[in-house]
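Chains as they are written, first to last, in this note's numbering: chain E, 1 to 102; chain F, 103 to 273. Ideal Cβ placement from N, Cα and C applies to all residues, glycine included. Keep in mind the model is a prediction, meaning the values are calculated, not measured.
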Amino acid sequence: MIPLSWYLVAAAALFCIGLFGVLARRNAIAILMGVELMLNAVNINLLAFWRYQDPQQTAGPAFVAIVFVTAAAEVAVGLAIIISAYRRRSTVVAEEIDNLKG
Amino acid sequence: MQITPIQLTFMLAAVITLGSALMVVSARNILHAALWLVASLFGVAMLFALLQANFFAVVQVVVYIGAIAILVIFAVMLTRRVMQDSGPQVIRAWWLAAVLAAAVFAGLVVMLSSWRGFWNLPPTLANPDAPLVQLGLALVSPNAYVVPFEVSSVLLLAALIGAIYVAFQRK
Numbered sequence: 001m002i003p004l005s006w007y008l009v010a011a012a013a014l015f016c017i018g019l020f021g022v023l024a025r026r027n028a029i030a031i032l033m034g035v036e037l038m039l040n041a042v043n044i045n046l047l048a049f050w051r052y053q054d055p056q057q058t059a060g061p062a063f064v065a066i067v068f069v070t071a072a073a074e075v076a077v078g079l080a081i082i083i084s085a086y087r088r089r090s091t092v093v094a095e096e097i098d099n100l101k102g
Numbered sequence: 103m104q105i106t107p108i109q110l111t112f113m114l115a116a117v118i119t120l121g122s123a124l125m126v127v128s129a130r131n132i133l134h135a136a137l138w139l140v141a142s143l144f145g146v147a148m149l150f151a152l153l154q155a156n157f158f159a160v161v162q163v164v165v166y167i168g169a170i171a172i173l174v175i176f177a178v179m180l181t182r183r184v185m186q187d188s189g190p191q192v193i194r195a196w197w198l199a200a201v202l203a204a205a206v207f208a209g210l211v212v213m214l215s216s217w218r219g220f221w222n223l224p225p226t227l228a229n230p231d232a233p234l235v236q237l238g239l240a241l242v243s244p245n246a247y248v249v250p251f252e253v254s255s256v257l258l259l260a261a262l263i264g265a266i267y268v269a270f271q272r273k
């Protein structure tokens, strides 16, 4: 029997590793990979709570399905933006894409 | 203390997931980071299977690994020439990000451990096929989640059109 705490701590650790990736990496694609790790941590959390609190409910799995769809859409658009910015500025380093900087 | 096989499997899945995630955020070569992301997503699929969310374990492999991670590898290949793999891969204040991430983790664990349900054991699932049938019914039922379901399909269409338009190259 696995206590709920194991899943929650594993999901929290995955979330914080993704958070570090988003904050610390320079490459824009690496930042997106950190966001994907955070979304996966959220999915683990949702399914763990669903399984341990009330497996008869459908709110948990429905939420997870929507998170899957949203993550796919966000990655597609984000990578399209990065590729487009790369073609114009020849860089994928996030801090060098600074056209809007004052 | 006795460690059951299922606990051992969980520890293996957690080690794969978290170890690969650490490699994703610290790998020098961005393509290696993308491949470590694939390994981490496999670990997450294992965790889903342990939670008896078998549908989501398969969807994780097919959608996240088979589509999203492949898209990331495409993008890495298409933006290969500029960023050298030998320069700094993290910003100069990376230690601050590490401290912040560790603080968020500590805060989450402290807050969760004060909840009385933290050490819950799972209730038994009488019929393991029932959740999937219920989910399918809920996603198309007007009293349940048909609106988010249909809106998410419109979201995918919008993302598809948007991504094509943004990345389009006129010859």
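Residue range of the alpha helix (DSSP H) that includes Pro-3/E: Counted as a single uninterrupted DSSP element, the stretch harbouring Pro-3/E is not any alpha helix (DSSP H), since DSSP gives it neither H nor E.
From the beta carbon of Gly-168/F, is the nearest beta carbon of chain E less than 8 Å away? Not one chain E Cβ lies under 8 Å of Gly-168/F.
Is the distance from the Cβ of Gly-21/E to the Cβ of Ala-30/E below 8 Å?
Judged by beta-carbon spacing, Ala-30/E lies within the 8 Å limit of Gly-21/E, meaning their Cβ atoms are closer than that value.
Practice problem: Would you mind reading off the limits of the alpha helix (DSSP H) that contains Leu-32/E? | Solution: 28-53 is the extent of the alpha helix (DSSP H) around Leu-32/E.
By DSSP's criteria, Val-93/E is part of a beta bridge. Which residues make up the other side?
Asn-27/E.
Checklist line | Minimum C-alpha distance to Phe-158/F - residue among Asp-231/F, Ser-255/F, Val-256/F and Tyr-267/F | finding: For the set Asp-231/F, Ser-255/F, Val-256/F and Tyr-267/F, the Cα lying nearest the Cα of Phe-158/F is the one of Asp-231/F.
Cβ-Cβ distance between Ala-71/E and Ala-28/E below 8 Å: Cβ atoms of Ala-71/E and Ala-28/E: not closer than 8 Å.
| message | Residues in the same chain with beta-carbon distance under 6 Å from Leu-133/F, minus the five sequence neighbours each way, listed in chain order, please. | response | Cβ neighbours of Leu-133/F beyond the five flanking positions: Val-178.
Next item on the list: Report the neighbours of Met-1/E on chain F: residues whose CB is nearer than 9 Å to its CB, in chain order.
Entry: Under the 9 Å cutoff, chain F gives Thr-106, Ile-108, Gln-109, Leu-223 and Pro-224.
Does the beta-carbon distance from Met-1/E to Phe-15/E come in below 8 Å?
No, these two residues do not count as a Cβ contact at 8 Å.
Beta-carbon spacing of Leu-8/E, Ala-48/E below 8 Å: Result yes, Cβ atoms of Leu-8/E and Ala-48/E sit closer than 8 Å.
Fill in: Nearest-angstrom beta carbon gap, Ile-97/E and Thr-91/E [assumed within contact, 8 Å]
Rounded to whole angstroms, the Cβ separation of Thr-91/E and Ile-97/E is 7 Å, and the two are in contact under 8 Å.
For this session: Starting from the beta carbon of Ile-132/F, find every residue of chain E whose beta carbon is closer than 7 Å, and list them in chain order.
Result: Neighbourhood of Ile-132/F in chain E, by CB distance below 7 Å: Asn-27, Ile-29 and Ala-30, in chain order.
Between Ala-136/F and Ala-261/F, what straight-line distance do the alpha-carbon atoms span, to the nearest angstrom? Answer to the nearest angstrom: the Cα atoms are 22 Å apart.
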